[in-house]
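Asker: Take a look at the following structure, please.
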Amino acid sequence: MNAKIIDGSAIAAGIREDVQRQVNRLLEEGVQPGLAVVLVGEDPASITYVTAKEKDCAQAGIFSRDIRLPGDTPQRELVDLIRELNRDEAIHGILIQLPLPGHINEDAVIEAIAPEKDVDGFHPVNIGKLVLNQDGFIPCTPHGVLKIIESLGMSTEGADVVIVGRSRIVGAPLANLLFRKAPGGNATVTVCHTKTANLADKVRRADIIIAAVGRPDTITGDMVKKGALVIDVGVNRVLDNTRKRGYRLVGDTDFSGIKEIAGAVTPVPGGVGPLTRAMLLWNTVESARKKAVKV
Ligand code: GUN
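Okay, so the sequence shown: first residue is 1321 according to this note's numbering, each after it adds one.
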């Protein structure tokens, strides 16, 4: 059996259409959603990500304020900029691209963002709301993973989900979303990490496997139950001299081995990535909409 290859771009296109409808509605009311995208330093992968986010905004009719700061920008200056953006009426979302240079305390920077503009969903208030099952911003990648599962018409209720990776951006929020008492939740979730014993045994039990560790080939075909859904969140650059840019992107799974056994798999690229991008637009529009309702 060959697994269904999930087309993340097609699912994202449907979400972008929804976003577009919301943007048009807001524009009719005289409100243009606005996103500030802040990059500190010149990490090549981060430059690629923020450029894509800015392009996505332009395409959707969302105003983006693109701010590039030198790698040696003092933390104080970044926090002052965030405070200014918090007050800026034209800005509904603030995205500080991570990772930040080593001399900057990421927690302090994230906490400076007004929770109602934290479209990344990284602020402790939004993480707290997520855990408490209250209305707040859901981080974009976990949100995208939920949309992929939803698009397959698959119920998570009672499903055994194994998440490999406990990061604050993906693994930890996703675990909470999947076990919470809400539609798209109600799963039995196991979170595996670097200290997990017998990883293969745990992964083999899963109906849904989510790989989010940042290491190629962490999940191989022999670890996958027949017919399982495998969602690969990893984006890893591996050297490849046959490519013009000198590398290719791979996920955290051995894609070719897994697709013989799994029921459905997400490719890298073209799986989770397009959803992450779409959900940022979604959160930005949602932020503008909430503010428009309030005033
Ligand atoms: N770096 C890697 N992923 C993300 C993300 O989702 N948001 C931000 N701000 N930085 C990231």
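Glycine included, every Cβ here is placed at the ideal spot set by N, Cα and C. From a predicted model like this one, the values you see are computed outputs, not experimental measurements.
Using the C-alpha atoms, what's the distance from Val1351 back to Phe1575?
Answerer: Within the sequence shown, numbered from 1, the residue matching residue 1575 stands at position 255. Within the sequence shown, numbered from 1, the residue matching residue 1351 stands at position 31. The C-alpha of Val1351 is placed about 44 Å away from the C-alpha of Phe1575.
Asker: In this structure, what does DSSP give as the bridge partners for Thr1508?
Answerer: Locating residue 1508 in the sequence shown gives position 188, where the first residue counts as 1. Answer by DSSP bridge pairing, in chain order: Asp1480.
Asker: Out of Leu1420, Arg1524, Ile1458, which has the shortest C-alpha to C-alpha gap to Leu1494?
Answerer: Here residue 1494 corresponds to residue number 174 of the sequence shown, with the count starting at 1. For Leu1494, the nearest C-alpha among the options comes from Ile1458.
Asker: Beta-carbon within less than 6 Å of Ser1471's beta-carbon, same chain only, minus the 5 sequence neighbours each way: which residues are those?
Answerer: One-based indexing of the sequence shown puts residue 1471 at position 151. Closer than 6 Å at the Cβ level, and outside the excluded window around Ser1471, lie Ile1331.
Asker: With DSSP collapsed to three states, give me the class of Ser1475.
Answerer: Taking the first residue of the sequence shown as 1, we reach residue 1475 at position 155. DSSP places Ser1475 in coil when its eight states are reduced to three.
Asker: Mind checking which residues open and close the beta strand (DSSP E) that includes Ile1551?
Answerer: Taking the sequence shown and counting its residues from 1, one reaches residue 1551 at position 231. First-last of the beta strand (DSSP E) with Ile1551: 1549-1552.
Asker: Tell me the rounded alpha-carbon separation between Leu1418 and Ile1528.
Answerer: For the purposes of this step, residue 1418 is identified with residue 98 of the sequence shown, where counting begins at 1. For the purposes of this step, residue 1528 is identified with residue 208 of the sequence shown, where counting begins at 1. Rounded to the nearest angstrom, the two C-alpha atoms are 28 Å apart.
Asker: Shorter than 7 Å, the distance from the beta carbon of Ile1416 to the closest heavy atom of the ligand GUN, or not?
Answerer: Here the question's residue 1416 lines up with position 96 in the sequence shown. Ile1416: yes, Cβ under 7 Å from the ligand GUN.
Asker: Please report the residue range of the beta strand (DSSP E) in which Val1357 lies.
Answerer: For the purposes of this step, residue 1357 is identified with residue 37 of the sequence shown, where counting begins at 1. Val1357 -> beta strand (DSSP E) spans 1354-1360.
Asker: Report all residues from its chain with a CB closer than 6 Å to the CB of Phe1442; omit the five preceding and five following residues, and keep chain order.
Answerer: Here residue 1442 corresponds to residue number 122 of the sequence shown, with the count starting at 1. Cβ neighbours of Phe1442 beyond the five flanking positions: Ile1430.
Asker: Pairing CB atoms from the segment 1522-1536 with CB atoms from the segment 1474-1487, are three or more of them under 8 Å?
Answerer: As far as the Cβ criterion goes, the segment 1522-1536 touches the segment 1474-1487, which means the pair count is three or higher.
Asker: Out of Lys1437, Val1592, Ser1329, Ala1333, point me to the one whose CA is closest to Leu1466's CA.
Answerer: In the sequence shown, the residue the question calls residue 1466 occupies position 146. Selected option, being the one with the closest Cα: Val1592.
Asker: Start and end of the alpha helix (DSSP H) containing Ile1430?
Answerer: Counted from its first residue, the sequence shown places residue 1430 at position 110. Residues 1426-1432.
Asker: Please identify the residue among Gly1571, Met1474, Ala1598 whose C-alpha is closest to the C-alpha of Gly1547.
Answerer: Position 227 of the sequence shown holds residue 1547. Minimum Cα distance to Gly1547 is reached at Met1474.
Asker: If you count every other CB in all the chains shown that lies within 10 Å of the CB of Thr1368, and 16 or more means buried, which is it?
Answerer: The sequence position of residue 1368 within the sequence shown is 48, counting from 1. Classification for Thr1368: exposed.
Asker: Along the alpha helix (DSSP H) that carries Arg1345, what are the first and last residues, could you check?
Answerer: Residue mapping note: residue 1345 aligns to position 25 of the sequence shown, counting from 1. Looking at the DSSP string, the run of the alpha helix (DSSP H) that includes Arg1345 is 1328-1348.
Asker: Looking only at its own chain, which residues have a Cβ that is under 6 Å from the Cβ of Gly1464, when we skip the five neighbours before and after it?
Answerer: Here residue 1464 refers to the residue found at position 144 when the sequence shown is read from its first residue. Within the same chain, Gly1464 has close Cβ partners Val1592, Leu1595, Thr1596, Met1599.
Asker: Hey, out of Ile1539, Lys1437, Val1544, whose CA is closest to Glu1404's CA?
Answerer: For this step, residue 1404 is matched to residue 84 along the sequence shown. For the residues Ile1539, Lys1437, Val1544, the minimum Cα distance to Glu1404 belongs to Lys1437.
Asker: Which residues in the same chain have their Cβ closer than 7 Å to the Cβ of Pro1435, if we skip the five residues on either side of it in sequence?
Answerer: Translated into positions along the sequence shown, residue 1435 becomes position 115. Cβ within range, chain order: His1443, Val1445, Asn1446.
Asker: Do Ile1489 and the ligand GUN come close, with the Cβ less than 7 Å from some heavy atom?
Answerer: Indexing the sequence shown from 1 puts residue 1489 at position 169. Yes; taking the cut-off as 7 Å, the Cβ of Ile1489 has a heavy atom of the ligand GUN nearer than that.
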